[in-house]
Every structure is written in structure tokens, then in C-alpha cells.
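Reviewing the structure listed below.
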Amino acid sequence: MKRHFSYTALASLSGGLMLLASAEAARATDEIQVYNAGIADVGQFTIQQHLNYIALGQKNPAFPGGLVSNHSLNGTPEFAYGVTDWWEVGLYLPFSVQDQRFYSDAFKLRTLFVSPHAEQRNFFYGVNFEFSNETPPFSQSRFSMEIRPIIGVRNSDYEFIVNPIVDVHFGKFAEQHFTPAARVARRFGENLFAGLEYYSDLGQIGSFDKLADQQHRCSRSPISKPGISM
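Here the sequence shown stands for residues -28 to -1, 1 to 202, where the numbers follow mature numbering (1 follows the signal peptide of the UniProt record, and there is no 0).
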């Protein structure tokens, strides 16, 4: 079997500048992205580096000992493998850099199911299941799970994607948060988009936070995907 290797250096420099509304949550902010149902080819191994810088964010921790998002650089090296044309598995190694200190958020395992060849479809969909082992500065819960539906439409010039995410935290601080995200982007080339991305944490399902306590973020920047395969 021919083996493929792809390295994506700028896969998600989507948070070059972020503005973050104040919020209280059981979890600190780490890497941020909107899923578009794109996966690696069958038998292809990929590496991507996602980075977000939050210029104006939370200045008080969401819980005792938690990180603050203000002036933080958040990132995730992502390793993925295409199992079939509708199934990809992956490993994340999230981190944050704040006040010139590096913080690791251990690891995340994910399994992503999508409509086959989603990048060629005008309407595409999928769902990602992510299982996290988190460190104390990032979360009060050691273990958590994310359920991320993916719904998107596109034409030759634009695409619009919604991720209505549910975060489930286990243990003493068990909570279920609704954290929807969305992206609208304009295509300027085969692998070059520019657009607006929106992220939020509305609070616990069944008891959303007041608007002033909810978390809302927006970013605007180019999104490019240079890479090589062999």
C-alpha cells in the first residue's frame, strides 16, 4: 500500500486576532476551530497545527486555578488518519502559552464520521466524537467528551458551516454545555479562504447563562492549507 504523508503548516491560523466576551464556565479556553467535514484520504496520515491568539479575553479564571484567556496563544498539533472515505481518527495535543509559560492540556482522541467526499458536495454533514483527558488549569473535570455535529452548504465562491456542539464533563463537576460555532468564508483560491468564525459557550443545557455571563468569540483572518503529500 502506498503511504501518504501530509504536513499542514497553516491549517488554522484562524485566530490571528480574537475578541472574547466575558463568561464563567467549568473550562478554560484552548484551541478553537470550526469543522468542515473534510477528512484525510484513505490511508493518508496528516499533521496540522492550529493556532489562535486571543487579544482581548477573560481576565479572571473561570474556576480556582484555571487559566485566563486574555493575551493567550492557544494551539493544537493534530494527527489524523483516513480509515475510509467517511471515517477519520485523530489525536490532539492541546496547549496554551500565557505570561511566557507553556501549559499542556494532555491529549484528546477523536473519531469523525462525514458524508463521503464532503469537499465536493454543495451540502455536507458529519459528526465528531472527541474524548478528552484534561489537566487542572484547563478544566475542573479530568475527563470529558465533545459531540460535534457538522452541517454545511457551499457553492463555488462561499461556504457556511454550523457546529452545534455539546460538551459533556464527567465526575464531581459534571456538566453539559451547549457551545455552538459557525463559519462563513469566501474562496479566493483552491486552498485559500477568508472569512468570519464565531464561537460561543451558552452555559449548561437546560439552564443557559444570562447573556452577560455567556461566552462569545469572533475571529476574522485568512485560512490557508498549504501542504505536501508523498
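From the three backbone atoms N, C-alpha and C, an ideal C-beta is built for every residue, glycine too.
Do the CB positions of residue i and residue j come within less than 8 Å of each other?
{"i": "residue 116", "j": "residue 98", "result": "no"}
{"i": "residue 17", "j": "residue 53", "result": "yes"}
{"i": "residue 177", "j": "residue 150", "result": "yes"}
{"i": "residue 113", "j": "residue 141", "result": "yes"}
{"i": "residue 12", "j": "residue 60", "result": "yes"}
{"i": "residue 138", "j": "residue 119", "result": "yes"}
{"i": "residue 125", "j": "residue 79", "result": "no"}
Would residue i count as contacting chain B if we go by Cβ distances under 8 Å?
{"i": "residue 42", "result": "Among the protein chains of the structure shown there is no chain B, as only one such chain exists."}
Helix, strand or coil for residue i per DSSP?
{"i": "residue 70", "result": "strand"}
{"i": "residue 112", "result": "coil"}
{"i": "residue 185", "result": "helix"}
{"i": "residue 5", "result": "coil"}
{"i": "residue 20", "result": "strand"}
{"i": "residue 91", "result": "helix"}
{"i": "residue 173", "result": "strand"}
{"i": "residue 162", "result": "coil"}
{"i": "residue 78", "result": "coil"}
{"i": "residue 149", "result": "strand"}
{"i": "residue 59", "result": "strand"}
{"i": "residue 43", "result": "coil"}
{"i": "residue 123", "result": "strand"}
Would you kindly work out how many angstroms separate the C-alpha atoms of residue i and residue j, rounded to a whole number?
{"i": "residue 110", "j": "residue 72", "result": "17 Å"}
{"i": "residue 28", "j": "residue 63", "result": "29 Å"}
{"i": "residue -8", "j": "residue 181", "result": "Residue placement at residue -8 is poorly supported in this model, since its pLDDT is 46, which falls under 50; the coordinates are not used for a value here."}
{"i": "residue 14", "j": "residue 55", "result": "5 Å"}
{"i": "residue 93", "j": "residue 84", "result": "17 Å"}
{"i": "residue 189", "j": "residue 58", "result": "30 Å"}
{"i": "residue 8", "j": "residue 191", "result": "16 Å"}
{"i": "residue 156", "j": "residue 76", "result": "30 Å"}
{"i": "residue 40", "j": "residue 163", "result": "33 Å"}
{"i": "residue 70", "j": "residue 179", "result": "31 Å"}
{"i": "residue 35", "j": "residue 175", "result": "14 Å"}
Just mark residue i as buried or exposed, buried being the case when its beta carbon has 16 or more other beta carbons within 10 Å.
{"i": "residue 147", "result": "buried"}
{"i": "residue 158", "result": "exposed"}
{"i": "residue 81", "result": "exposed"}
{"i": "residue 143", "result": "exposed"}
{"i": "residue 68", "result": "buried"}
{"i": "residue 160", "result": "exposed"}
{"i": "residue 37", "result": "exposed"}
{"i": "residue 204", "result": "Nothing about residue 204 can be reported from this structure: the residues present for the chain run from -28 to 202 only."}
{"i": "residue 50", "result": "buried"}
Is it the case that the stretch 41 to 55 contacts the stretch 11 to 26, given that we only count it when at least three CB pairs across the two stretches are under 8 Å?
As far as the Cβ criterion goes, the stretch 11 to 26 touches the stretch 41 to 55, which means the pair count is three or higher.
Between the stretch 179 to 186 and the stretch 157 to 169, do three or more beta carbon pairs fall short of 8 Å?
Segments in contact, no.
Would you say the stretch 121 to 136 touches the stretch 102 to 109, given that touching needs at least three Cβ pairs under 8 Å?
Cβ pair count under 8 Å is below three, so no.
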